[in-house]
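Colleague: Per UniProt numbering, the very first residue in the sequence shown carries number 1; after that it's consecutive.
For glycine and all other residues, C-beta sits at the position ideal for the given N, C-alpha and C.
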Amino acid sequence: MTMRCATGEHDRHDVYSALCPCRDVLDLLANKWSTLAIGALEDGPRRFGELQRQLQGVSPKVLTQTLRRLEDAGFVDRTVYPAVPLHVEYALTELGRSVTVPLGMLRSWVERHLHEIPARS
Numbered sequence: 001m002t003m004r005c006a007t008g009e010h011d012r013h014d015v016y017s018a019l020c021p022c023r024d025v026l027d028l029l030a031n032k033w034s035t036l037a038i039g040a041l042e043d044g045p046r047r048f049g050e051l052q053r054q055l056q057g058v059s060p061k062v063l064t065q066t067l068r069r070l071e072d073a074g075f076v077d078r079t080v081y082p083a084v085p086l087h088v089e090y091a092l093t094e095l096g097r098s099v100t101v102p103l104g105m106l107r108s109w110v111e112r113h114l115h116e117i118p119a120r121s
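1. Three-state secondary structure (DSSP) at L92?
2. If we ignore side chains and look at the alpha-carbon of each, how far apart do R112 and A119 end up?
3. Do the stretch 102-110 and the stretch 47-60 meet, that is, are 3 or more Cβ pairs less than 8 Å apart?
4. Considering only the alpha carbon of each residue, which of S108, L70, P85 lies closest to A91?
5. So which of V58, L19, K32 has the shortest CA-CA distance to V110?
6. If we require 4 or more residues per run, which alpha helix (DSSP H) segments fall completely within the stretch 44-116?
7. If you count every other CB in all the chains shown that lies within 10 Å of the CB of G96, and 16 or more means buried, which is it?
8. Taking 6 Å as the limit between beta carbons, can you name the residues of its chain near V80, skipping five residues before and five after?
9. Just to confirm, are C20 and D27 a CB contact at a threshold of 7 Å?
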């Protein structure tokens with residue numbers, strides 16, 4: 001399904017087209033750490049350490065890269081509070097909140113159907 005570009009920058013949006021900028025957004029949102037970070041932020045702002053504890057297995061480097069990409073794309077806001085030590089919080093933007101429902105459905109589907117998927121070796 002293709003959609004007319006609301007910005008006028010492109011003729012149409014088509015995720016199946018190799019040159020469509022939709023691919024970059026799809027790549028970002030289909031990333032497991034992005035999907036999990038957005039889910040972790042659904043209940044409100046979190047500090048980096050809180051996110052890292054909730055997203056078990058993510059390295060600080062990968063979490064930092066993921067949060068930066070989400071911030072650059074407009075899904076996450078990063079707020080720095082002047083304090084010692086520095087206090088930084090991450091929160092979903094309106095755009096980020098708009099993607100929580102489809103990503104939440106994907107996470108729930110995976111948990112419900114994992115037993116149907118052949119085990120990886």
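Modeller: With the given structure in hand:
1. Reading the sequence shown from its first residue, position 92 is the one you call residue 92. Looking at L92 - three-state DSSP - the assignment turns out to be strand.
2. In the sequence shown, residue 112 corresponds to position 112, counting from 1. In the sequence shown, residue 119 corresponds to position 119, counting from 1. When rounded, the distance between both Cα atoms is 15 Å.
3. no
4. The sequence position of residue 91 within the sequence shown is 91, counting from 1. Among S108, L70, P85, the Cα nearest to that of A91 is on L70.
5. Position 110 of the sequence shown, counted from the first residue, corresponds to residue 110. Taking only the C-alpha atoms, the option nearest V110 is K32.
6. 48-54, 60-72, 94-98, 100-113
7. The residue you call residue 96 lines up with position 96 of the sequence shown. Buried is the call here.
8. Your numbering for residue 80 matches position 80 in the sequence shown. The residues are V88.
9. What you label residue 20 is simply residue 20 of the sequence shown in a count that begins at 1. What you label residue 27 is simply residue 27 of the sequence shown in a count that begins at 1. Contact: no.
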